[in-house]
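To start, the structure under review is shown below, and the notes come after it.
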Amino acid sequence: EVQLVESGGGLVQPGRSLKLSCVASGFTFSNYGMNWIRQAPGKGLEWVAYISSGSSYIYYAETVKGRFTISRDNAKNTLYLQMTSLRSEDTALYYCAREAPRTGCFDYWGQGVMVTVSS
Amino acid sequence: IQLTQSPSLLSASVGDRVTLSCKGSQNINNYLAWYQQKLGEAPKLLIYNTNSLQTGIPSRFSGSGSGTDYTLTISSLQPEDVATYFCYQYNNGFGSGTKLEIK
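Chain order of the listed sequences is A and B.
Letter 64 of the first sequence, counting from 1, is numbered 64 in the working numbering, and no numbers are missing.
Letter 36 of the second sequence, counting from 1, is numbered 155 in the working numbering, and no numbers are missing.
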């Protein structure tokens, strides 16, 4: 069974940093591209970042480019999102999601981890 | 490309045939998926590549469309289908969602 379990969220002050993790199980993690997607409270979905299976390709949404860094450790089956210079508008539930094979969508999602940016 | 979903809120009765719309400001080239998000849960993939049913999804869900206009159809609405439905264009973004409730 595919499982994605996020952690590392919490309350953080504006301008500070936070690092999210997503541990994968039930599939060969190193074979799949991975994504972070977020959802502000009561709002829609926003794709945040993508990393290819071997970390060769990395893309970011314009809203986080230069502040967030996606990375992965295939030996540990873990995806990361380093978030710096956090703003109130980054407050959201952050999901990690697996890229579906041979498509550009996301077939499995974690349960999400909440990040609240507030003073 | 902007994705516009309509209606934003849909109320229907159990057993109804329900149609949700997703329209792009430009050609989407069939690179479209549909997600179901129940309250307090992560989104679930229903349909990918416009009309391919994800494994394990009931056959009452179907997708269609081409060009700029795409549709998610539920052939016979069930109580467990109460959710918000999002369309997603690959490498572009999500629509704003349609909230589906039971009348």
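We put the beta carbon where it would ideally sit given N, CA and C, even for glycine.
In this text the structure is predicted, and so the values were computed from the model without any measurement.
Given that W109 of chain A touches chain B, what residues does it touch there, using C-beta distances under 7 Å? Taking the first sequence and counting its residues from 1, one reaches residue 109 of chain A at position 109. Those within 7 Å of W109 of chain A in chain B are A161 and P162.
Consider the Cβ of G33 of chain A: report whether some Cβ of chain B lies at a distance smaller than 9 Å. Numbered from its first residue, the first sequence carries residue 33 of chain A at position 33. It does not; no Cβ of chain B falls within 9 Å.
Contacts of F106 of chain A in chain B (Cβ-Cβ under 9 Å): In the first sequence, residue 106 of chain A corresponds to position 106, counting from 1. Those within 9 Å of F106 of chain A in chain B are A152, Y154, P162, L164 and Y207.
Which ranges would you report for the beta strand (DSSP E) in the region 131-213 of chain B if only whole runs of at least 3 residues count? 137-143, 151-156, 163-167, 180-185, 188-193 and 202-208
Measuring CB to CB, does L191 of chain B end up less than 9 Å from L158 of chain B? Stepping through the second sequence from its first residue, residue 191 of chain B is reached at position 72. Stepping through the second sequence from its first residue, residue 158 of chain B is reached at position 39. No, Cβ-Cβ distance for L191 of chain B and L158 of chain B is not below 9 Å.
Along the chain, where does the beta strand (DSSP E) that runs through T78 of chain A open and close? Start at 1 with the first residue of the first sequence, and residue 78 of chain A comes out as number 78. Looking at the DSSP string, the run of the beta strand (DSSP E) that includes T78 of chain A is T78 to M83.
Taking the alpha carbon of P177 of chain B as the point to measure from, which residue in B:S125, B:N148 and B:I193 has its own alpha carbon closest? Taking the second sequence and counting its residues from 1, the one referred to as residue 177 of chain B is at position 58. Of B:S125, B:N148 and B:I193, the residue nearest in Cα terms is B:I193.
Chain-ordered chain B contacts of Y95 of chain A [CB-CB under 9 Å]: Within the first sequence, residue 95 of chain A is the residue found at index 95, counting from 1. What Y95 of chain A touches in chain B: A161 and P162.
Which chain B residues are close to T103 of chain A, counting only those with a beta carbon under 9 Å from its beta carbon? Here the question's residue 103 of chain A lines up with position 103 in the first sequence. Within 9 Å Cβ-Cβ: Y150, A152, Y167, N168, S171 and Y209.
For a contact meaning CB atoms closer than 8 Å, what does F213 of chain B contact in chain A? For the purposes of this step, residue 213 of chain B is identified with residue 94 of the second sequence, where counting begins at 1. Chain A residues near F213 of chain B: G44, L45, E46 and W47.
Candidates A:T69, A:T63 and A:V64: which alpha carbon is nearest Y57 of chain A's? Sequence index remark: in the first sequence, residue 57 of chain A carries index 57 (1-based). Ranking the options by Cα distance to Y57 of chain A, first place goes to A:T69.
Measure from the C-beta of A40 of chain A to each C-beta in chain B and report whether the shortest distance is under 9 Å. Stepping through the first sequence from its first residue, residue 40 of chain A is reached at position 40. Chain B, which has no Cβ nearer than 9 Å to the Cβ of A40 of chain A, makes this no.
Looking at the strands, I want to know which residues DSSP matches up with F68 of chain A. Position 68 of the first sequence, counted from the first residue, corresponds to residue 68 of chain A. F68 of chain A pairs with A:M83.
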